[in-house]
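Peer 1: Take a look at this one; I'll ask things after.
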Amino acid sequence: MKNKILVYPTIFAEFHDDGDYFTVTSPNIEGMITQGDTREDAVIEAVDAIATMIDGEDYPKPMDPSSWRLKSNESIVYISVDMKQWYLEKEKRLKTKTVKRTITIPEYLDNLARERKVNVSGLVRKALEKELI
């Protein structure tokens, strides 16, 4: 799993022709295009689009956008992508099954858990997520 935060310059183009919306492209990432109804939506979509497009071992080096020629409806917006977080969310989306594990706990804890109706599997899952993620 990649433990890296990446920042890429993107081009936001604002349109008002068939409603209001923003398209997002990046010369850094060939073929990457997405859109959103608002700037906030476009940022969220851009994070996912960038992470999806660069999913792999080698990340493109961010370009210097100072030489980019922009149209009057375009602006440069830097998008930060936390690849570790994106991979974790991707794994959760792809998760299709649970696995059975056998654990050993002291009898008194098992009795207390039963008395208090504690879901031991859920508690262990939460503890593992806290520890590992």
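Residue numbers (this note's numbering): 322 to 454. We put the beta carbon where it would ideally sit given N, CA and C, even for glycine. Fair warning: this is a prediction, and the values are worked out from it, not measured in the lab.
Check whether the Cβ atoms of Ile-454 and Leu-409 lie closer than 8 Å to each other.
Peer 2: Cβ distance < 8 Å, so Ile-454 and Leu-409 count as in contact.
Peer 1: Excluding the five sequence neighbours on either side, which residues of its own chain have a C-beta within less than 7 Å of the C-beta of Met-322, listed in chain order?
Peer 2: Since pLDDT at Met-322 reaches only 43, below the 50 mark, its modelled position is unreliable, and the value read off the structure follows with that caveat. Only Lys-405, Tyr-408 meet the Cβ criterion.
Peer 1: By a C-beta neighbour count over all protein chains shown, 10 Å radius and 16 as the cutoff for buried, is Asn-349 buried or exposed?
Peer 2: Classification for Asn-349: buried.
Peer 1: Report the partner residues of Asp-431 according to the DSSP bridge assignment.
Peer 2: For Asp-431, which the question treats as bridged, DSSP gives no partner whatsoever.
Peer 1: Which residues bound the beta strand (DSSP E) around Thr-355?
Peer 2: Its beta strand (DSSP E) spans residues 354 to 357.
Peer 1: Tell me, to the nearest whole angstrom, how far the beta carbon of Pro-330 is from that of Ile-397; I am working on the premise that it is less than 8 Å.
Peer 2: Indeed they touch by this definition, with Cβ atoms about 5 Å apart.
Peer 1: Taking all protein chains shown into account, do 16 or more other C-beta atoms lie within 10 angstroms of the C-beta of Ser-387, making it buried, or fewer, making it exposed?
Peer 2: Ser-387 comes out exposed.
Peer 1: In three-state terms, what does DSSP make of Asp-341?
Peer 2: coil
Peer 1: What first and last residue would you give for the alpha helix (DSSP H) that runs through Tyr-408?
Peer 2: 404 to 415
Peer 1: Using three-state DSSP, classify Pro-386 as helix, strand or coil.
Peer 2: helix
Peer 1: How close, in whole Å, do the beta carbons of Ile-354 and Glu-395 come, if the pair is a contact with beta carbons under 8 Å?
Peer 2: Not quite, the Cβ-Cβ distance comes to about 13 Å (not below 8 Å), so this is no contact.
Peer 1: Where do the N-terminal and C-terminal ends of the alpha helix (DSSP H) with Met-453 fall, by residue?
Peer 2: Looking at the sequence itself, residue 453 is Leu, so the reference to Met does not match. Counting along the chain, the alpha helix (DSSP H) containing Leu-453 begins and ends at 441 to 453.
Peer 1: Mind reading off the beta-carbon distance from Val-368 to Val-402? Whole number of angstroms is fine, and I expect it under 8 Å.
Peer 2: Their Cβ separation, rounded to whole angstroms, is 5 Å, which keeps Val-368 and Val-402 in contact under 8 Å.
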